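Terminal number for the sequence shown in the UniProt record's numbering: 175, no gaps in between.
Think of the CB as a built atom: it goes at the ideal place given N, C-alpha and C, for glycine as much as any other residue.
Note that the structure is predicted; figures quoted are calculated from it, not measured.
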Amino acid sequence: MSSSNENSVPSSRTWNAMKKGIDVFKRGTRWSLGQDSNLRFWYDSWTSNGPLKSIIHGPLTKEKEEIKVMPYSHFANAEDRIIWNATANGNFNLNYAYILANGEAPQFFNGKWIWKLKVLPRIQSFIWMCIHNSIATRERLASRGLQVDTVCSMCNLHPETIIHLLRDCHVAAKC
Ligand SMILES: [Zn+2]
């Protein structure tokens, strides 16, 4: 396969399935920023809307072209990683992949409603962090490579996850 045009290569069921899979992958994923992100601000797909350069028109100066993306969370991964665009936690979701494969536009996660709530900004930030699994629970810290006991510090019975602390922990519920 020396051709650079993927539409001109011989057609087979396997190849057609691979082409469709690549398309679903491209449309369904984006980069999640790492602490030492090396992503290009304008050209890499790190928002759910694709590369910013595809949205914003006009020339960029050489200086602006070389701007890198900076992570906004202390809990960002060490390295940039590819995540599934349609879910709040970034995990793959077969239903959305099926919708994309059928040429439909899936409803990507939209947290704009959080910023319309009539509550204190720190409550809005807390909800946003919960939805994005960014609260430093023991399980989350362990998943980032820290050597911590993952058992809930309140009840000592179950893994300390956000949903456990906020909904399921019988000790936390009494606080
Ligand atoms: Zn507990």
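Nearest in C-alpha terms to G21, of all of N85, A101, T87, is A101.
One alpha carbon belongs to G34, the other to I83, and they sit about 12 Å apart.
Spanning the alpha carbons of K53 and R138 requires a straight line of approximately 38 Å.
Closest by C-alpha distance to L157, out of H57, C169, W115, L39, is C169.
In terms of CA proximity to S45, F25 leads the group M154, D36, F25.
Every residue whose Cβ sits closer than 5 Å to any heavy atom of ligand 1 is listed here in chain order: C152, M154, C155, C169.
Non-local beta-carbon contacts of L39 in its own chain, meaning distances under 8 Å to residues more than five positions away in sequence, involve W31, L33, W46, K68, V69, D80 in chain order.
Pairing N95 with G28 gives a Cβ-Cβ distance that is not under 7 Å. Here the alpha carbons of T150 and E160 stand approximately 6 Å from one another. Here the alpha carbons of L165 and L120 stand approximately 21 Å from one another.
Burial state of S37 is buried, judged by a 10 Å Cβ sphere holding 16 or more other Cβ atoms. Taking all protein chains in view, the Cβ of C175 is surrounded by fewer than 16 other Cβ atoms within 10 Å, so the residue is classified as exposed.
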